[in-house]
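Since the structure comes first, as structure tokens, the remarks are kept for the end.
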Amino acid sequence: MPARGFNHAQGLNPYQNWATVLDCGDIPVTPFDNAVAFKQITEAYRDLLRRPAKTQPKVASPKAMGKDGVYHPRLVTLGGDHSVALPALRALNEIYGPFWIANNEGLIAKEGNIHAGLRTRIFGNDYHDYEEDSKQNFEYIETEDLDIIGVEGVVKRIEEVVGDRLVYLSIDIDVLDADFGAASEPGLAPGTGCPEPGGWTTRELKAMLRRLSSLNIVGADVVEVAPPYDDAGESTAWAAADLVYEMFGLMVGNPLYPVDGYVARKNHRGAVKKPKDEL
């Protein structure tokens, strides 16, 4: 689909630009031992990230450079359980330093972390789960905050927290609405192990992503997709693929360093004509 890949909102085609987009295939892992599986995924990440990026900068950019002085590829992972982010962050930590999850391993930065889209019921009789976010150095945005402050407000909050740091972006597909109120309307993302009603729409999430072009993303994932639970039209898989496409646009649209061949056109958001404009 590269020829039909132009993203009008981001003003670019991520497949026909400065970056080379490659499918690295599946990582073979054992289904019988999680500890061994984590090691296998971590080693696969290390192997992929050790390689230098195909497109090297024209001018040195220390911020985007790994601790080894090399510019590395940026990986987008598709996974099931959200724990697949842990091996990715272990490997990224070796290159860039602390990021995000697994505070006990020292992989989380002390600030600049944000958890958006919270809405589910929590365990126990208090706010323990929310307090855990704070202990893990996370700020959080609840799902209904979108109704109060809007897309622009959510985006502004994320940018304020993250700033110009290097970013690992993780999207749990169950952030999307999975309202099973009617058999004919199975929700936007039923194919997940933790479907929850009252989530964001795909349109709302895409609107946020498209406005987060300032994020310095060095790695990303879309997780919690469970094909056996998906509907006949594979709506969850389609939504996940669309979100990955938006991630590609964000990463290509922000090269992190000067590159040859970068093509971006004027963003046409807000340029829709009203009928009277034709008069």
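With my numbering applied, the sequence shown corresponds to residues 26 to 304, in that order.
Ideal Cβ positions, reconstructed from N, Cα and C, are used throughout, including at glycine.
- DSSP, reduced to helix, strand and coil, places Tyr-287 outside both helices and strands of the structure shown, so it counts as coil.
- Its Cα nearest to that of Asp-267, the residue Asp-246 stands out among Asp-256, Asp-246, Tyr-254.
- Annotated as proximal: Val-61 and Thr-55, with beta-carbon spacing under 7 angstroms.
- Linking Phe-57 to Met-90 through their CA atoms gives a straight-line distance of about 37 angstroms.
- Put simply, the backbone Cα of Leu-237 is about 8 angstroms away from that of Glu-184.
- Annotated three-state conformation of Ala-34 is coil, per DSSP.
- Going by beta carbons, Gly-212 and Asp-255 fall outside the 7 angstroms limit.
- Ser-238 sits in coil when the DSSP states are folded into three classes, being neither helix nor strand.
- With respect to Val-248, Trp-43 sits apart: the two C-beta atoms are not nearer than 7 angstroms.
- For Leu-74, the enclosing alpha helix (DSSP H) covers residues 59 to 74.
- When the five nearest sequence neighbours on each side are left out, the beta carbons in the same chain lying within less than 8 angstroms of the beta carbon of Cys-49 are those of Leu-73, Leu-100, in order along the chain.
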